[in-house]
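Okay, structure first, notes after.
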Amino acid sequence: MNRRRLMRGMPAVTADEIRPELNRIGRRGLFTRGLSLGSLALLTGCDLSTHSGVDAALWAMLRFNDRVQAALFSRTRLAQTYPASAVTRPFRFNAYYEEWQVRETPPDWQLELSGLITDKTPWTIDKLRALPQEAQVTRHICIEGWSQIGQWSGVPLHVFLQRVGADLKARYVSFKCFDGYSTSVDMPSALHPQTILALDFVDRPLRAEWGAPVRLRIPTKLGFKSAKNVQAISVTNTYPGGYWEDQGYDWFSGS
Amino acid sequence: MYTTQTPRRPAHPLPIRIMHWVGAAAVICMMLSGWAIYNASPSLPFTFPRWMTLGGWLAGGIAWHISAMWVLFMDGFAYLLYGALSGHFRRDLHLPGPRAVIADLGAALTGRLGHRLGYYNAVQRLFYIGVIVLICLAVATGLSIWKPVQLGWLTDLFGGYPVARGIHLAAMIGIALFIVVHLVLVAIFPRTLVSMLAGSAAEPEETVR
């Protein structure tokens, strides 16, 4: 069924088919699956989902921590790099859905640009490959705590943003993906030399499960910031949030 | 007639009492929210029941963890500063020799070691020094896995990210064991709880109950 659909260039899964799962992982559901010790201590459901004063305080602390993290961030301090032999095998798949739900690149895919960018002409993979390329072997650290070492190469994001005439003084760069994912990063992190629009994973063009045709790779942030299957990039001064960030994941999530 | 009696010093001076309870609340919050984070990717073959965690899920746990960390950090810093400047560390918490520890431990296990408010025997001193070191270790490894790039030197010091994460977990287990033993001893000597709340006077030498 799914294979047939993929061959016809249709999404492997439609939203309707996984509606129960989507609802289950929906914001409310995530927070109300059971009681916590917090509830016993009259901190009822203080898990970022309610409008209680404690949750408001937790959100305020998240924003405060984001400011601290931005202050700690250095544009020149590099993430540790490793020899190619250190790459973790097998490399673990991770997304907000199961591996069988991975989506192939739509046939008419082009990288779309919007917001504070002078030249918004969409980009093809061939055009991206014609830009200077940068390779890295770095540790991908998941917000859950596990980590693995991978090798990515592609266009440094600062090269790309300069090339398209992005406003480099804007506050945010946001990423929308055709698998329904989204995220955003602060401009200083976007311009970090190790932040790349990755086209290859371990010397081969990205496969669908590793984020084809282009993904963000940003080793100065937690793994969920390295968005896969990127469809559109936007430069903006309006806080864009993101798939996990809107549910309470720490927005800056800098390493 | 006059008396030579001077007011005795409190066994737990007010700053110690405040910092103890603020620190205790912060450590408990750190531990319970840490368990919520641990559950997202357990590195030991068990997870913590949800009702034992704070924050309910990964993001909630992280929000609590990075909120309580400021309380713990400031409380711990104030305590270390106070302990060093007030003479508390020198007077009460100097590192005991192994012979004193063995003697006091033997006495404690055979029920012959009493408890005198305001005085710390060798086993107690070792115990409190131990938990202070463990909390410092938990904070340092916590910083190193929070900022493995910006504080990369610290992460390297602990042997890299995965090892630092393991040490962070081990420090938590050590602190949890301390809390268990500490609570048992408070239950055996409940007047220490009264003193930590209300500030009883230190007991004179001959008082060994």
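Sequence lines, in order, name chains A and B. Using this note's numbering, you'd call the opening residue of the first sequence number 3 and step up by one each time. Using this note's numbering, you'd call the opening residue of the second sequence number 68 and step up by one each time. From the three backbone atoms N, C-alpha and C, an ideal C-beta is built for every residue, glycine too. In this text the structure is predicted, and so the values were computed from the model without any measurement.
- Of all alpha-carbon atoms in B:203, B:206, B:122, B:110, the one lying nearest the alpha-carbon of residue 52 (chain A) is that of B:122.
- Secondary structure within the stretch 201-226 of chain B: the alpha helix (DSSP H) runs of 4 or more consecutive residues, fully enclosed, are 219-224 (chain order).
- Per the coordinates, the alpha-carbon of residue 85 (chain A) lies some 7 angstroms from the alpha-carbon of residue 139 (chain A).
- Under the three-pair Cβ rule at 8 angstroms, the stretch 107-119 of chain A counts as touching the stretch 236-252 of chain A.
- Here residue 157 (chain A) is buried, its C-beta having at least 16 other C-beta atoms within 10 Å.
- Here the alpha carbons of residue 257 (chain A) and residue 249 (chain B) stand approximately 35 angstroms from one another.
- Not a single C-beta of chain B is nearer than 8 angstroms to the C-beta of residue 193 (chain A).
- Interface annotation, residue 251 (chain A): in contact with chain B, CB-CB separation under 8 angstroms.
- For residue 57 (chain A), the enclosing alpha helix (DSSP H) begins and ends at 55-74.
- Separation of the CB atoms of residue 144 (chain A) and residue 96 (chain A) is rounded to 7 angstroms, and the pair is thereby assigned contact status at 8 angstroms.
- Not flagged as an interface residue toward chain B: residue 100 (chain A), since no C-beta distance is shorter than 8 angstroms.
- Taking one beta carbon from each stretch, the stretch 220-227 of chain B and the stretch 252-259 of chain B have fewer than 3 pairs nearer than 8 angstroms; the two do not touch.
- Within the stretch 105-169 of chain A, the complete beta strand (DSSP E) segments of 3 residues or longer fall at 114-117, 136-143, 149-158, listed in chain order.
- Between residue 147 (chain A) and residue 108 (chain B), the C-beta spacing is below 8 angstroms.
- At the C-beta level, residue 75 (chain B) and residue 268 (chain B) come within 8 angstroms of one another.
- The residue from A:192, A:162, A:185 with its alpha-carbon nearest to that of residue 172 (chain A) is A:192.
- Under the Cβ distance rule, residue 63 (chain A) counts among the residues neighbouring chain B, one pair being separated by less than 8 angstroms.
- Distances from the CA of residue 106 (chain A) to each of A:210, A:197, A:230, A:153 were compared; the closest alpha carbon is that of A:210.
- For a Cβ distance threshold of 9 angstroms, nothing in chain A lies close to residue 88 (chain B): the least Cβ distance comes to about 15 angstroms.
- Secondary structure note for residue 235 (chain A): its beta strand (DSSP E) is the uninterrupted segment 232-238.
- Checking the DSSP bridge columns, you'll see residue 177 (chain A) partnered with A:185, A:235.
- Rounded to the nearest whole angstrom, the C-alpha separation of residue 81 (chain B) and residue 87 (chain B) is 10 angstroms.
- In the structure shown, the three-state DSSP call for residue 77 (chain B) is strand.
- Taking a contact to require three or more Cβ pairs closer than 8 angstroms, the stretch 161-169 of chain A and the stretch 206-220 of chain A do not qualify as touching.
- Membership of residue 254 (chain B) in the alpha helix (DSSP H) is indicated by the continuous run 228-255.
- Residue-level contact check: residue 95 (chain A) does not touch chain B, since none of the beta carbons of chain B fall below 8 angstroms from its beta carbon.
- From the listed residues A:165, A:133, A:98, the smallest Cα separation to residue 179 (chain A) is found for A:98.
- A distance below 7 angstroms between beta-carbons, with the five flanking residues on each side excluded, links residue 93 (chain B) to the following residues of its chain, in chain order: 135, 138, 139, 142.
- Boundaries of the alpha helix (DSSP H) around residue 157 (chain B): 155-159.
- The alpha-carbon of residue 211 (chain B) is positioned some 7 angstroms away from that of residue 231 (chain B).
- Collapsing the DSSP output to three states places residue 81 (chain A) in coil.
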